[in-house]
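Protein chains in written order, with the UniProt record's numbering: chain A, 1 to 150; chain B, 1 to 199.
Note that CB positions come from ideal geometry on N, CA and C, so glycine has one too.
Below you'll find the structure, written out as structure tokens, and then a few comments.
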């Protein structure tokens with residue numbers, strides 16, 4: 001906004017204050033999920049005229065993206081975004097030949113929103129163990145479904 | 001597949017014939033204990049006294065047997081190959097038979113001990129899960145954000161670690177679909193053919 005030609009006649013400090021105030025207003029109103037009448041009342045108390053209040057409220061209606069950003073701020077445990085797997089058949093290793101064991105290598109791709117790092121979790125498992133894991137995940141999904149029907 | 005025994009190895013095992021049948025049994029027992037629990041010098045000393053042979057010879061004999069048994073079990077050599085391999089030592093038929101019996105009786109156990117030495121990744125132990133709904137946060141009130149929180153228990157070299165992870169419903173369904181595909185692969189013809197032919 002400091003480079004905007006329409007605003008070049010206004011003192012930059014005042015401009016920054018206005019910008020910050022407007023942004024805070026939108027964020028707070030969005031956070032509390034305030035509706036238009038509530039905002040209008042608040043702005044009236046701040047001695048804004050009707051026309052400005054209407055303009056502000058029209059702009060406020062377009063805050064969809066702001067809500068999305070607000071909802072994603074915050075700490076949470078490592079978030080799983082994807083899974084990769086590999087099926088292998090072990091034939092021998094340097095300690096033991098003729099092992100003939102199938103096994104799965106599963107990697108859970110994890111995103112840490114706080115640090116932006118990707119500390120993936122990898123582990124190996126047998127077919128039975130993978131069946132156990134999938135069974136438990138399916139239980140979780142079923143209970144999610146039941147919860148949404150309540 | 002034949003086992004190739006080095007000169008040193010043959011010298012170590014060379015102590016067996018003069019020692020006699022009972023000694024072979026004793027040395028065999030010591031060899032297996034060494035595989036299970038590690039070297040036991042005291043046991044070797046007491047065996048040396050009992051059999052009236054020097055401790056050094058006993059120890060070499062035990063080490064020779066340990067090597068013979070581990071190599072044979074590692075390669076999973078057949079009875080015939082084992083017999084042919086030890087024939088070069090020029091032992092009596094009775095001694096050969098005892099050694100063969102020692103091998104056959106214990107190779108399964110030895111293989112499972114050797115199996116524990118292989119490199120290992122963390123392996124799956126179990127999974128606990130919990131359904132959560134986020135209702136509000138510092139930056140946004142009045143939310144309804146469902147999430148599944150999971151605790152993944154893994155085994156790494158005899159330590160158990162637990163990792164707390166979270167995922168959303170859409171990703172959960174995706175995970176289930178991907179892992180079910182993984183399980184399905186084992187039943188495909190390609191995998192079945194390989195497992196059947198590589199035995």
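**OP:** Could you tell me which chain A residues have their CB closer than 8 angstroms to the CB of residue 115 of chain B, listed as they occur along the chain?
**Re:** 95, 96, 99
**OP:** Determine which residues of the stretch 45-67 of chain A have a Cβ less than 8 angstroms from any Cβ of chain B, and write them out in chain order.
**Re:** 67
Original post:
Roughly how far, in whole angstroms, is the beta-carbon of residue 179 of chain B from the beta-carbon of residue 83 of chain A, given that I think they are within contact range, below 8 angstroms?
Top reply: 7 angstroms
Original post:
How long is the line joining the alpha carbons of residue 96 of chain B and residue 79 of chain B, rounded to whole angstroms?
Top reply: 11 angstroms
**OP:** Would you check if the distance between the CB atom of residue 110 of chain A and the CB atom of residue 85 of chain A is smaller than 9 angstroms?
**Re:** no
Original post:
Residues of chain B with CB under 8 angstroms from residue 107 of chain A, in chain order?
Top reply: Near residue 107 of chain A there are no residues of chain B at all, since even the closest Cβ is about 10 angstroms away, more than 8 angstroms.
Original post:
Quick one: does residue 162 of chain B have its CB under 9 angstroms from some CB of chain A?
Top reply: no
Subject >> Reduced DSSP secondary structure (H/G/I, E/B, other) of residue 79 of chain A >> reply: strand
Original post:
CA-CA distance, residue 119 of chain A and residue 136 of chain A?
Top reply: 23 angstroms
Subject >> Per DSSP, the bridge partner or partners of residue 123 of chain A >> reply: A:106
Subject >> Unbroken stretches of the alpha helix (DSSP H), 4 residues or longer, contained in the stretch 58-100 of chain B >> reply: 79-87
Subject >> Boundaries of the beta strand (DSSP E) in which residue 123 of chain B is found, first to last residue >> reply: 123-134
**OP:** May I have the straight-line CA-CA distance separating residue 68 of chain A from residue 188 of chain B, to the nearest angstrom?
**Re:** 43 angstroms
Original post:
On the three-state DSSP scale, how would you describe residue 89 of chain A?
Top reply: strand
Original post:
Relative to chain D, which residues along the stretch 75-88 of chain A have a C-beta separation below 7 angstroms, given in chain order?
Top reply: Here chain D cannot be found, since the structure's protein chains are A and B.
Original post:
Is residue 12 of chain B helix, strand or coil when you go by DSSP?
Top reply: helix
Original post:
For the ligand MG, is there a heavy atom less than 8 angstroms away from the beta-carbon of residue 76 of chain B?
Top reply: Ligands in the displayed structure: none, and consequently the ligand MG is not present.
**OP:** Just mark residue 175 of chain B as buried or exposed, buried being the case when its beta carbon has 16 or more other beta carbons within 10 Å.
**Re:** buried
**OP:** Could you give the DSSP three-state label for residue 146 of chain B: helix, strand or coil?
**Re:** strand
Subject >> residue 142 of chain A: contacting residues in chain B (beta-carbon distance under 8 angstroms) >> reply: Here the premise fails: no neighbours, minimum Cβ distance about 10 angstroms.
Subject >> Given 8 angstroms, three or more beta-carbon pairs between the stretch 155-164 of chain B and the stretch 116-125 of chain B >> reply: yes
Original post:
Do residue 88 of chain B and residue 5 of chain B have their CB atoms nearer than 9 angstroms?
Top reply: yes
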